[in-house]
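S.K.: Provided herewith is a single structure, encoded as structure tokens, for subsequent inquiry.
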Amino acid sequence: MAEIGKVRIRIPSNIKRGDVVRVRSLVIHPMEIVQRRDGKPVDKNYLFIHKVMVEYNGREILQADTTQSISENPFFSFTFKPTEPGMLRITFLDTHGGKYEGTAEIKFT
Amino acid sequence: MLRPGTVFGGGIVFAALLSAACAQTDKASTAGLPPAPWISRAIPEGKGEVKTQPDGKKMQVRYKRAPFAGVPQDWSDYRTYAYDDTRPAPPVSKAPMTQVKGDPARGRRLFLSRAQGPCTGCHLIPGADVWPAGNIGPDLSTYGDRNLPDEFIFTQLYDSRNFFPNTTMPPWGTTGVFKPEELVHIVAFLKTLKGPVPPEKDPDRNPDTRAKPVGFGDNLDPTNNPAVLLAEGAMAVWSKKGPAGKACADCHAGGPEKSMKGAATRYPKYVKAYQRVMSIEDFLTVHAPETTGLQMLSQSADNLNMTMLVKMQSNGMPVGVDISSREAKAAYERGRASFFKKVGQRNHACADCHVKGAGQGAEKFLGGRLLGNAEAGLTRHFPTWRTNFQVVWDMRRRMQWCMTPLGMNMLPADSVEYTELELFLTSFDSGKEMSVPGIRH
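If you're matching them up, the sequences are chains A and B in order.
Note that this note's numbering gives residue 9 to position 9 of the first sequence, counting from 1, and the numbers run on in steps of one.
Position in the second sequence (from 1) plus 1000 gives the number in this note's numbering.
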């Protein structure tokens, strides 16, 4: 798989003022799943993304706690209504201290 | 353009004679005529081997994943696209109508039976349980109103070639898919189909009014097509040093973006060193072990992902396969002959489903599937992500799966036969933009 932590964000190419924008984001991450030994979960610090944060122009608009039940290379999609053009920043935090960021600029046409 | 012309048999005979005549004197000039023998370099499930079970039953080794895993049949008895398979098409035959009283209810069940036909794959009849129906053959909703004699309908089902020599309808009785008494039941059922037809409740039931599939969005968007990520993952293989101490990156300077730009537009092409036409997939099976020492068997994950990585560098560029050389031309003609060759238990040719015309399948529904038109070009988005199987298929896996409705055992994924068929098909993509990986249901 491509390098861990690469974030990709896709937004519509044509956004008008007042539109509801659907953002599609994908991060390359192994999202380690629970291992079991003799039917019991192995206790260890699993590597997975546990928090997703979205900021628009510095203001937090979304925060999500995620678990191991989400697949490898997780894909998140959400909508929001920007009132003015600006910078969208999505941050993924994983349990091993990794912090992965991606940005997308929203302009009105 | 797509007509089984005089080259159908002539090309092969000519090529064979020519090479036989020159075999002793001038080897180099006859290279590729006929194709050099090829030992499959595919993964074990992709080799198309037939194994005999302990109980004496033959069984073809197929891929372990769906949909291949669900096909238990062996079709060794029917002819294939293999060039060394000289068996003729099953001869046209007739049978007397069995003196059984036809049962329309049983006939209807047989008409819908997925294990045998199903007839509904091509023909529409009334009924909400007919799902999904196709429209390649005539709509039979009011077939009973034609008042045709029983004997005629029976023979039409038994072997339609008795009346229509070029029909696409399989000879159900001749190849033994339906027993004569089963056909009598179907005859009885067809005679009950009388008008007027009740109004259609669901427009999607009738293939003539059914909505055509719209696709799955941008195939090059990694958030939409998982195959893009798989292809990018091949970068690890690109820079991995093999047992020979070299990586792809050591010879192909500038990364795939620079060194592979436009390369894929020329494939499949005739490769002199191996005396055969090769696609990127085929070429990697020999090129990788010879240079880096790494194995890249046909249909292996490394092979497929690397193929996508290489092909992606030509996205947006027009396909331009070269069939000007004598060898490539001969391969193209053999591929064309395969396209029109009737094979398998169903006695079908590729052309039956992928050429537009009356009684032919292109741009019509086979059951719920909309069939592609070969003249529109079918290859430029391969390898492609299959949304229903969640896996990448290259052109060969697609062809191997096409063998199932033909009732034919699949050939090895990297066989010369499939490559030359792919060359013929790719010639219709010429001038059109590549877009790899594709995304399809």
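For each residue, glycine too, the CB sits at the ideal point set by N, CA and C.
Note that this is a predicted model, so its numbers are computed, not measured.
With 8 Å as the C-beta to C-beta threshold (strictly closer), list the residues of the region 14–33 of chain A near chain B in chain order.
M.R.: Those would be R24, S25, L26 and I28, in chain order.
S.K.: Quick check: what's the CA-CA separation for Q1024/B versus S1040/B?
M.R.: Bear in mind that a pLDDT of 38 at Q1024/B, under 50, signals an unreliable position, so the number given afterwards is only what the model happens to contain. Those two C-alpha atoms are separated by around 27 Å.
S.K.: Pick helix, strand or coil for G43/A, following the three-state DSSP scheme.
M.R.: Reading the sequence as shown, one finds Asp at residue 43/A and not Gly. Three-state result, D43/A: coil.
S.K.: Looking at the secondary structure, which residues open and close the alpha helix (DSSP H) in which S1338/B lies?
M.R.: Residues R1326 to F1340.
S.K.: Which residues, in order along the region 60–92 of chain A, keep a beta-carbon less than 7 Å from a beta-carbon of chain B?
M.R.: Result list: N73 and F75.
S.K.: Go ahead and label S69/A buried or exposed: buried means 16 or more other beta carbons lie within 10 angstroms of its beta carbon, across all protein chains shown.
M.R.: By the 10 Å Cβ count, S69/A comes out exposed.
S.K.: Mind checking if D1221/B is an interface residue toward chain A, Cβ cutoff 7 Å exclusive?
M.R.: Chain A, which has a Cβ nearer than 7 Å to the Cβ of D1221/B, makes this yes.
S.K.: For K1051/B, write down the residues that DSSP places opposite it in a beta bridge.
M.R.: For K1051/B, which the question treats as bridged, DSSP gives the partners M1059/B.
S.K.: Taking the alpha-carbon positions, what's the A1301/B to L93/A distance?
M.R.: Distance between the alpha carbons of A1301/B and L93/A is about 30 Å.
S.K.: Pick helix, strand or coil for A1036/B, following the three-state DSSP scheme.
M.R.: Note: A1036/B maps to coil in three-state DSSP.
S.K.: Return the residue from the list N1305/B, H1381/B and T1285/B that minimises the CA-CA distance to L1297/B.
M.R.: When each option's Cα is compared against that of L1297/B, the closest is T1285/B.
S.K.: Under a CB-based cut-off of 7 Å, is M1434/B close to chain A?
M.R.: By this cut-off, M1434/B is not an interface position.
S.K.: Decide yes or no for the touch test of the region 1185–1201 of chain B against the region 1389–1399 of chain B: beta carbon pairs closer than 8 Å, at least 3 of them.
M.R.: The region 1185–1201 of chain B vs the region 1389–1399 of chain B: no contact.
S.K.: Bridge partners for D94/A per DSSP, in chain order?
M.R.: In the DSSP output, where bridge partners are listed per residue, D94/A has I49/A.
S.K.: Please confirm whether M1260/B and V1271/B have their CB atoms less than 7 Å apart.
M.R.: No.
S.K.: Please classify F1365/B as buried or exposed, where buried requires at least 16 neighbouring CB atoms within 10 angstroms.
M.R.: With 16 or more Cβ atoms within 10 Å of its Cβ, F1365/B is classed as buried.
S.K.: My output table needs one value for Q1024/B: the three-state DSSP class, helix, strand or coil.
M.R.: Low local confidence applies: a pLDDT of 38 at Q1024/B is under 50, so the model's placement there is unreliable, with the coordinate-based value given in what follows. Note: Q1024/B maps to coil in three-state DSSP.
S.K.: Can you tell me which residues form a DSSP beta bridge with I1323/B?
M.R.: Answer by DSSP bridge pairing: none, since I1323/B is not bridged.
S.K.: What residue ranges within the region 1098–1139 of chain B form continuous alpha helix (DSSP H) runs of no fewer than 4 residues, ordered along the chain?
M.R.: Counting only runs of 4 or more, we get 1104–1112.
S.K.: Mind checking whether W1075/B and V1416/B have CB atoms under 7 Å apart?
M.R.: No, the pair does not count as a contact, with Cβ atoms beyond the cut-off.
S.K.: Taking the runs of the alpha helix (DSSP H) that are 4 residues or longer, which of them lie wholly in the region 1142–1217 of chain B?
M.R.: Qualifying alpha helix (DSSP H) stretches, in chain order: 1150–1158 and 1180–1191.
S.K.: Of all the CB atoms in chain B, is at least one closer than 7 Å to the CB of R36/A?
M.R.: Not closer than 7 Å to any Cβ of chain B, the Cβ of R36/A fails to qualify, so no.
S.K.: Determine, using beta carbons only, whether Y56/A comes closer than 7 Å to chain B.
M.R.: False, the Cβ-Cβ gap to chain B never drops below 7 Å.
S.K.: Thinking C-beta only, is K1342/B closer than 7 Å to A1089/B?
M.R.: For A1089/B and K1342/B, yes; Cβs fall inside 7 Å.
S.K.: Do you know how far the Cα of Q1299/B is from the Cα of P989/B?
M.R.: The structure shown does not extend to residue 989/B, since chain B spans only 1001 to 1441, so no value can be given for it.
S.K.: Curious, which full-length alpha helix (DSSP H) runs of at least 4 residues does the region 1364–1436 of chain B contain?
M.R.: Taking only runs of at least 4 residues, the alpha helix (DSSP H) segments lying wholly in the region 1364–1436 of chain B are 1395–1406 and 1416–1426.
S.K.: Could you please give me the residues that DSSP links to D65/A through a beta bridge?
M.R.: DSSP lists K51/A as partners of D65/A.
S.K.: Is Y1270/B helix, strand or coil by DSSP?
M.R.: Y1270/B falls in the strand class under three-state DSSP.
S.K.: Between the region 53–72 of chain A and the region 5–20 of chain A, do at least 3 Cβ pairs fall closer than 8 Å?
M.R.: Output reads no: the region 5–20 of chain A does not touch the region 53–72 of chain A.
S.K.: Buried or exposed for T1292/B, going by 16 or more other Cβ atoms inside 10 Å?
M.R.: Buried, since its Cβ has 16 or more Cβ neighbours within 10 Å.
S.K.: Measuring straight from C-alpha to C-alpha, what distance separates V42/A and T95/A?
M.R.: Taking the straight line from one Cα to the other gives about 16 Å.
S.K.: Is the separation between the beta-carbon of P1448/B and that of G1367/B shorter than 7 Å?
M.R.: Residue 1448/B is absent from the model: chain B starts at 1001 and stops at 1441.
S.K.: Per DSSP, what kind of secondary structure is K99/A in: helix, strand or coil?
M.R.: K99/A: strand per DSSP, three-state reduction.
S.K.: Go ahead and pull the three-state DSSP assignment for T1030/B.
M.R.: Any answer about T1030/B is weak, because its pLDDT of 42 lies below 50 and its placement is not dependable; what the coordinates show is given next. Correct three-state label for T1030/B: helix.
S.K.: Nearest-angstrom Cα distance between Q1099/B and D1150/B?
M.R.: The straight-line gap from Cα to Cα measures roughly 12 Å.
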